[in-house]
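Chains as they are written, first to last, in this note's numbering: chain A, 117 to 550; chain B, -12 to 232.
Here's the structure we're looking at; comments come further down.
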Amino acid sequence: MARIGHSWGRYPQASHTLVNVIDRHQPLPALDRTMLPYGNGRSYGDSCLNDSGALLHTRELDHFISFDPESGELDCEAGLQLADILDLIVPQGWFLPVTPGTRFITVGGAIANDVHGKNHHRAGNFGRHVLELELLRSDGSRRVCSLTENPDWFAATIGGLGLTGLITRARIQLRRITGPWMSTEVHRFENLTGFFRLSERSDRDYEYTVAWIDCLASGSELGRGLFTRANHAPAHPDRRPVAPERRLRVPFTPPVSLINRLTLRSFNTLYYRRQRQPVAHTTTHYEPHFYPLDGILDWNRIYGPRGFMQYQCVVPPADAEHRIAQLLRTIAASGSGSFLAVLKQFGTLSSPGMLSFPRPGTTLALDFPNEGSRTLKLLDRLDQIVAEADGAVYPAKDARMSGSHFRQYFPAWASFRPFIDPRFSSSFWRRVME
Amino acid sequence: MLNVLIIGATSAIAEATARRYAARGARLFLVARDATRLADIATDLHVRGAVDVGHATLDVNRLDAHASVLDQAWTKLECVDVVLIAHGTLPDQGACEGSVETALAEFSTNGTATIALMTAIAPRLEAQRRGMLAVISSVAGDRGRQSNYLYGAAKAAVSTFASGLRQRLTKVGVNVLTIKPGFVDTPMTRNFRKGVLWAKPDGVARGIVRAADRGRSVVYLPGFWLPIMLIIRHIPEFIFKRIKL
């Protein structure tokens, strides 16, 4: 049965046959069309879509297999969401080794996109913490993959965008914590140079660093923003806030995007001015710290029926400041942009994945309301800057980069290709291989 | 220690309910047809906090096998605080109209087998003089509708049986809880188009556990089905027979 679906960015739309995978011990279904694993659909663009093909829904592969509270080793099925894992492990003194900005993603998705988080400079990507995974192929074969067993399959599957087969289960090494609280500091910075200075000073002593920037500020204020650095709090902090109980929900999709030039400029200015003092210290629960947007369910609806496009790139350290300034000037001049503009320094830890996105340098992530060709042109201009700088764009968030740019950003694509399951494909992959 | 026996444990609602009991550190005994999935679910519930998870396979239509599986459950758990009967299928109404065999087989799974289990479980709870028997019926059992009256008739039998059993067991301190879910987004209803009336298994599970905790008799899940079914039950037959439901 064909269903129209979309990814988290609500752009583009695609038509799919949906197939639920309910038992990891069973072979994959025999279908007359290509398939693609689909977890919770939080990829922004078309890497989790397979137009005219089938999606293998993994949400019922959500079983724990084992958890050792002594060693912090977790074995679970790939459709399990990070939120469910956190509910189990945090009370037992463990945390995810790496987490992206939403906990509503599956383990399989975290591996297939080799996600990163605010601790990239300390912990690297999610894939570094995967001890072992099982890959099920359409020919019925199963491979246990790790750094030592089938290492080539392991490398292809981490960051492999779901194309190498279905990840049925994975064993992950968790990280010890003493409690659910975070000690955080928020520093206001006046411009881009301020960001780089703060990053350099913070990366050694703070496990989590990230900055929000006002992407519409220009001139001497270009790149102004708020820099957050945090560590897991000691066992018994003075304040012990609890996780927020109630979640808000965007109840319906407004007919037009609520994010437009007017709302954006006022929001960004207010948000920047929100913090009066240059530095603020707080103790927070880990949920609002790591997952501020998870508090608003279906937040992607605010961009209206046309959806939005995420853009996340990384530029190498050598001329990062110059390149980021160039990108921000291009965005500010266009007047388009987002309130979710995020800047972070990646570390030098490498990932086992062949197609992994993070690499040393500075990463910038923003979302743009979809205004059709206007938005596409702006993103093409950003791509030119990133390509010139020898950087890369993140496939998990992309719905439009050109095939030639993809192949430049990810030169390992040619050696990756033989690992693709002959029965698997995705809208993204067909687009960038054109 | 809370001891919970679940029959039809691989169903989505049952599994979500079991996870809630596991998180409380309950002792569980699971019964279902599919041994592999049963083993996976048992392992999962153990990781989620269940102190001990036993399991046994059973096809509920093998009525002669009920007693031995119940014996195993009682041997393992000794005293059972909550029994949840959750197995079921969603018959194809058209197929039931075309074949007596299909109709009776579906009635057996959703009605007769459930009544057989309740009959066999009742004296065990009676002997304990405590505990709760929760059974998943359906809003479909409240009134026969042309779209699924075979299923509805089986569920009506279960609801009526549960009502009588409740009167009998209340005297010895045992509660019978009739659970009437509306549309739930589960593998059983995979091919339906989902609208605003659809609930998630976990929401229904939360309602089941709450109703069991409070010792309720009949619960509609989600709660908005109570007024809806009140109206549907009271539509006069001369109108009802002409509308399409």
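Built from N, CA and C at the ideal position, the CB exists for glycine as well.
Can you have a look at residue 280 of chain A and say buried or exposed, based on whether 16 or more other CB atoms are within 10 angstroms of its CB?
Residue 280 of chain A is buried by the Cβ-count criterion.
Pair within 8 angstroms by beta-carbon distance, residue 208 of chain B and residue 168 of chain B
Cβ distance < 8 angstroms, so residue 208 of chain B and residue 168 of chain B count as in contact.
Touch test, the region 537 to 549 of chain A against the region 156 to 167 of chain A, Cβ-Cβ under 8 angstroms, three pairs minimum:
Between the region 537 to 549 of chain A and the region 156 to 167 of chain A, the count of Cβ pairs shorter than 8 angstroms is three or higher; the stretches touch.
By the 9 angstroms beta-carbon criterion, what residues does the region 170 to 189 of chain A contribute toward chain B?
Per Cβ criterion, the list reads 176, 178, 179, 180, 181, 182, 183.
Starting from residue 477 of chain A, follow the beta strand (DSSP E) in both directions and report where the run begins and ends.
Boundaries of the beta strand (DSSP E) around residue 477 of chain A: 477 to 485.
Just mark residue -12 of chain B as buried or exposed, buried being the case when its beta carbon has 16 or more other beta carbons within 10 Å.
A residue is called buried when at least 16 other Cβ atoms come within 10 angstroms of its Cβ; residue -12 of chain B does not meet this threshold and is exposed.
Residue environment, residue 87 of chain A, which counts as buried when at least 16 other CB atoms sit within 10 Å:
Beyond the ends of chain A as shown, which are 117 and 550, falls residue 87 of chain A; an answer cannot be given.
Completely contained beta strand (DSSP E) runs for the region 133 to 214 of chain A, where each covers 3 or more residues
Counting only runs of 3+ residues, the beta strand (DSSP E) found wholly inside the region 133 to 214 of chain A occupies 151 to 154, 170 to 173, 180 to 184, 189 to 193, in chain order.
Listing by chain order, which chain B residues have their CB less than 7 angstroms from the CB of residue 139 of chain A?
One finds 23, 24 in chain B with Cβ atoms closer than 7 angstroms to the Cβ of residue 139 of chain A, taken in chain order.
Cross-strand partners of residue 461 of chain A (DSSP beta bridge)
A:478.
Report buried or exposed for residue 531 of chain A, applying the criterion of at least 16 other Cβ atoms within 10 angstroms of its Cβ.
It is exposed - the Cβ of residue 531 of chain A has fewer than 16 other Cβ atoms within 10 Å.
Would you identify the three-state DSSP class for residue 258 of chain A, choosing helix, strand or coil?
Residue 258 of chain A: strand per DSSP, three-state reduction.
Using beta carbons (cut-off 8 angstroms, strictly below), is residue 96 of chain B in contact with chain A?
No, no contact with chain A.
At which residue ranges does the region 197 to 227 of chain B contain complete alpha helix (DSSP H) runs of 4 or more residues, listed in the order of the chain?
Those alpha helix (DSSP H) runs which fall completely within the region 197 to 227 of chain B and span 4+ residues are 212 to 221, 224 to 227.
Going by C-alpha to C-alpha distance, which of B:58, B:86, B:45 sits closest to residue 137 of chain B?
When each option's Cα is compared against that of residue 137 of chain B, the closest is B:86.
Tell me whether the beta-carbon of residue 285 of chain A lies closer than 8 angstroms to the beta-carbon of residue 191 of chain A.
Taking 8 angstroms as the Cβ cut-off, residue 285 of chain A and residue 191 of chain A qualify as a contacting pair.
Helix, strand or coil, according to DSSP, for residue 289 of chain A in the structure here?
Three-state result, residue 289 of chain A: strand.
Closest to residue 461 of chain A by CA distance: which of A:317, A:179, A:147, A:212 is it?
Ranked by how close their Cα comes to the Cα of residue 461 of chain A, the residues A:317, A:179, A:147, A:212 have A:317 in first place.
Do residue 98 of chain B and residue 141 of chain B count as a contact pair if the criterion is CB distance below 8 angstroms?
Yes; because the gap between Cβ atoms is below 8 angstroms, this pair is in contact.
Own chain, CB closer than 8 angstroms to residue 292 of chain A, minus 5 neighbours either side, in chain order
Answer for residue 292 of chain A: 188, 209, 210, 211, listed in chain order.
Show which residues of chain A have a CB atom less than 8 angstroms away from the CB atom of residue -7 of chain B.
Taking a Cβ-Cβ threshold of 8 angstroms, none of the residues of chain A is close to residue -7 of chain B; the smallest such distance is about 16 angstroms.
Here's the rule I'm using: 16 or more other beta-carbon atoms within 10 Å means buried, otherwise exposed. How should residue 179 of chain B be labelled?
Burial state of residue 179 of chain B is exposed, judged by a 10 Å Cβ sphere holding fewer than 16 other Cβ atoms.
Report the neighbours of residue 204 of chain A on chain B: residues whose CB is nearer than 9 angstroms to its CB, in chain order.
Going along chain B in sequence order, the residues near residue 204 of chain A (Cβ under 9 angstroms) are 10, 34, 35, 36.
Near-chain B residues of the region 232 to 266 of chain A - C-beta to any C-beta below 7 angstroms:
Taking a C-beta cut-off of 7 angstroms against chain B, none of the residues of the region 232 to 266 of chain A qualify.
Indicate the three-state DSSP secondary structure (helix, strand or coil) for residue 27 of chain B in the structure shown.
In the three-state reduction of the DSSP assignment, residue 27 of chain B falls in the helix class, which pools H, G and I.
On the DSSP bridge list, what partners appear for residue 529 of chain A?
Beta-bridge partners assigned by DSSP to residue 529 of chain A: none are found.
With H, G and I counted as helix, E and B as strand and the rest as coil, what does DSSP make of residue 162 of chain B?
Residue 162 of chain B falls in the strand class under three-state DSSP.
Kindly indicate if chain A contains any beta-carbon less than 8 angstroms away from that of residue 27 of chain B.
Contact with chain A is found for residue 27 of chain B, since one of that chain's Cβ atoms lies less than 8 angstroms from the residue's Cβ.
Residue from B:139, B:10, B:115 with nearest C-alpha to residue 65 of chain B:
Check the Cα spacing between residue 65 of chain B and each of B:139, B:10, B:115: the tightest is with B:115.
Supposed contact pair residue 32 of chain B and residue 15 of chain B - C-beta distance, whole angstroms, cut 8 angstroms
Indeed, because the Cβ distance is near 6 angstroms, the residues count as touching under 8 angstroms.
Just to confirm my understanding: we take residue 126 of chain B, look at its own chain, exclude 5 residues before and 5 after, and list those with CB closer than 8 angstroms. What are they?
Hits under 8 angstroms: 167, 168, 169, 207, 212, 215, 216.
Is it true that the region 217 to 227 of chain A meets the region 434 to 453 of chain A, where meeting means three or more beta-carbon pairs spaced less than 8 angstroms apart?
Cβ pair count under 8 angstroms is below three, so no.
For residue 290 of chain A versus residue 213 of chain A, is the C-beta spacing smaller than 8 angstroms?
Contact flag set, yes.
By how many angstroms is the C-alpha of residue 28 of chain B removed from the C-alpha of residue 158 of chain A?
Between residue 158 of chain A and residue 28 of chain B, the C-alpha separation is close to 26 angstroms.
Looking only at its own chain, which residues have a Cβ that is under 7 angstroms from the Cβ of residue 360 of chain A, when we skip the five neighbours before and after it?
Once the five neighbours on either side are set aside, the close Cβ partners of residue 360 of chain A are 403, 404, 411.
Nearest to residue 105 of chain B by alpha carbon, out of B:147, B:210, B:84?
Taking only the C-alpha atoms, the option nearest residue 105 of chain B is B:147.
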